[in-house]
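Participant: This is the structure I want to talk about, given as structure tokens.
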Amino acid sequence: MEILKRKSKNPELPEALLQSQINRRSFLRFGGMVGASVVVAGSLSGITGCSKDDNEDGINLGSGDIGVLNYAYALEQLETAFYTQVIQSQFSGITAAETAYLTDIRDHEIAHREFFKTVLKTDAIPALEVNFSAVDFGSRTSVLGTAKAFEDLGVSAYNGAGKLLTDVNYLLAAGKIVSVEARHAALIRELLSPNTFGNAEVVDSNGLDLARNPSEVLSVAANYLKSKLNASNLPTS
Amino acid sequence: MNVYHVITEIEKVDPEVYDRLDGRRSALKQFTNIGGKIALATLPLFVSSLFRKAYGQNTSSIVGVLNFALTLEYLEAEFYKKAVGTAGLIPAANLPGFTAIRDHEVAHVAALRQTIMQLGGTPVTLTAASFDFTAGNGSMSGPYASVFSNYDTLLAVSQAFEDTGVRAYKGQAGNLISNNEVLTAALQIHSVEARHAAYIRFLRQKRGAAANKPWITGNDTGGIPGVAAIYAGEEVTTQAGVQITGINGMNISASAASESFDEPLTQAQVTAIVDPFII
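Protein chains in written order, with the numbering used here: chain U, 1 to 237; chain L, 1001 to 1279.
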């Protein structure tokens, strides 16, 4: 099944192969037929394997579903590093309730990070170096403000990445995580200012949360990372 | 696999299956012809192709999912309209939050209706008279009879609806994977429902439901009677075959493992949960 997971939505695929790809997806839904799909998917693996990262800098996230999972893994690494430091050097005046919430969130982010690392196996990007020089960990306003930014960014990242995935199992896993990130975001927002859990900063007039593409997300995340990420091979649709 | 058998089984629940397959004769002719031409391993591909043509992902199946979602959004929209419109029910400090939730749910109804029509489907239409928010199946005296007179009951029903909504959308995401625009919009609604759920849960925790955190721990019902089905399955600690408790030597408890992933519900499960609220 590894081959299946690597396959990306390549817009340049010939029509016949695209058709195979769509068919694969649709018959996955009918269940019980997955085994046979390897035959078809195998014929695709050579097409998406080519990378064009030779003249790009940074840690290559990869392509296809693997690339999207590495993208999520990178964001979870960032969040985990942040909350780990928040708990290690707690801001002045932190309440017991706030400590409990932030400890829970740290543990959730560790779980997410380790989940992706485990699923990605040898395809996982290395541990990232973070840069929190802009955060004052002694200040409640700075810590919760950064937490809010990270959580809202994470929600928008997962919302924007869902369509990039081809494997329904990965889509479901991402869906299981994004709602927990949204719960975090809402809680942090309530700690900062009551009734702002989903204000106009994040929810539009159609009642829709933000969805950002990887380049938008990573340009923000780059402010908190020493490591440079190369997302040039990520799928775009 | 007996393909003919599969089709005849489908015919029992969908008499129009042959029409969808461009007519019985041509469908069966296709089956007959493939026998000697396609290796057994690729037969499922052919079948799926046929099914896809029959139940095209851009029409009936997606519209069905969206009408299911629309029903839930009507439930929530009418619920919060009534709640916000009931004088003295919601404390002033929380009224802005409930008003925001109402506005989101009303917007979701409008967005889903529009999307369904854009796909050539017919959206369901429901009104306040379609619902019994006491969960009394129309008796208006169900287990949550005080829903619009007791703020704690209102919060309990709100939490039940929001956590159900999150699980319902999550359960349908895979059915929308073929349509990027619709999938993304559904995800954007899904996370808004999760924000609502966290807010309501946060309010309830502050009012004394100490174990009721913004996230769901195990299959805890938060002290709400009659909602076991809404939280059933949330206690899992294994994701895609990966044990999250203590993952990679990390100090992750079973509680944290369950909290860190929300779980889906099937349409059938959700329908059973909301049935007492729909007249």
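Ideal Cβ positions, reconstructed from N, Cα and C, are used throughout, including at glycine.
1) Measure from the C-beta of L/A1198 to each C-beta in chain U and report whether the shortest distance is under 7 Å.
2) Of the residues L/G1064, L/A1128, L/A1256 and L/A1232, which one's Cα is nearest the Cα of L/D1163?
3) Which chain U residues sit within Cβ distance under 8 Å of L/M1250?
4) With 7 Å set as the bound, which would you pick, yes or no: does the beta-carbon of U/D123 sit closer than that to a beta-carbon of chain L?
5) Any idea what DSSP makes of L/F1148, helix, strand or coil?
6) Taking U/D107 as the reference, give the member of L/N1251, L/Q1267 and L/V1270 with the closest Cα.
7) So within the segment 96-138 of chain U, which uninterrupted alpha helix (DSSP H) runs reach at least 4 residues, ignoring any that extend past its ends?
8) Rounded to whole angstroms, what's the CA-CA distance from L/V1065 to L/A1128? Just pull it up for me.
9) Taking the straight line between their C-alpha atoms, what separation do you get for U/L164 and U/T99?
10) Per DSSP, what are the beta-bridge partners of L/Q1243 in this structure?
11) Under the assumption that U/L128 contacts U/Q77 (Cβ atoms under 8 Å), give the Cβ distance between them as a whole number of angstroms.
12) Does chain U have any CB closer than 7 Å to the CB of L/Q1030?
13) So, helix, strand or coil for U/N159, using DSSP?
14) Using a C-beta cutoff of 7 Å, does U/G62 count as contacting chain L?
15) Take U/R212 and list the residues in its own chain whose beta-carbon comes closer than 8 Å to its own, dropping the five residues that flank it on each side.
16) If I'm right that U/Y73 touches U/A124 with Cβ under 8 Å, what's the distance once you round it to whole angstroms?
17) Rounding to the nearest angstrom, what Cα-Cα distance links U/R183 and L/W1215 in this structure?
18) How would you call U/N70, buried or exposed, if buried means at least 16 neighbouring beta carbons within 10 angstroms?
19) What does a CB cutoff of less than 8 Å around L/T1237 pick up in its chain, not counting 5 residues either side in sequence?
20) List the endpoints of the continuous alpha helix (DSSP H) containing L/E1105.
21) At a CB-CB cut-off below 7 Å, which residues of chain L make contact with U/I177?
22) Keeping to the same chain, check which residues put their C-beta closer than 6 Å to that of L/V1106; ignore five residues upstream and five downstream.
23) Residue range of the alpha helix (DSSP H) that U/I87 falls in?
24) With DSSP collapsed to three states, give me the class of U/V178.
25) Measuring straight from C-alpha to C-alpha, what distance separates L/A1135 and U/V178?
26) Hey, does L/P1091 have any beta-carbon neighbour from chain U nearer than 7 Å?
27) For the putative contact between L/V1157 and L/Y1144, defined by C-beta atoms under 8 Å, what is the C-beta separation to the nearest angstrom?
28) Is it right to say L/D1262 is buried, meaning 16 or more other beta carbons lie within 10 angstroms of its own, or is it exposed?
Facilitator: In this structure, then:
1) yes
2) L/A1232
3) I110, A111 and E114
4) no
5) coil
6) L/N1251
7) 96-120
8) 22 Å
9) 36 Å
10) L/T1238
11) 5 Å
12) Because the pLDDT at L/Q1030 is just 48, under 50, the model does not fix this residue reliably, and the point stays unresolved.
13) helix
14) no
15) L153, S156, A157, N159 and G160
16) 6 Å
17) 6 Å
18) buried
19) Q1243, I1244, T1245, A1254, A1257 and S1258
20) L1095 to Q1118
21) F1261
22) A1077
23) G64 to Q88
24) helix
25) 30 Å
26) no
27) 5 Å
28) buried
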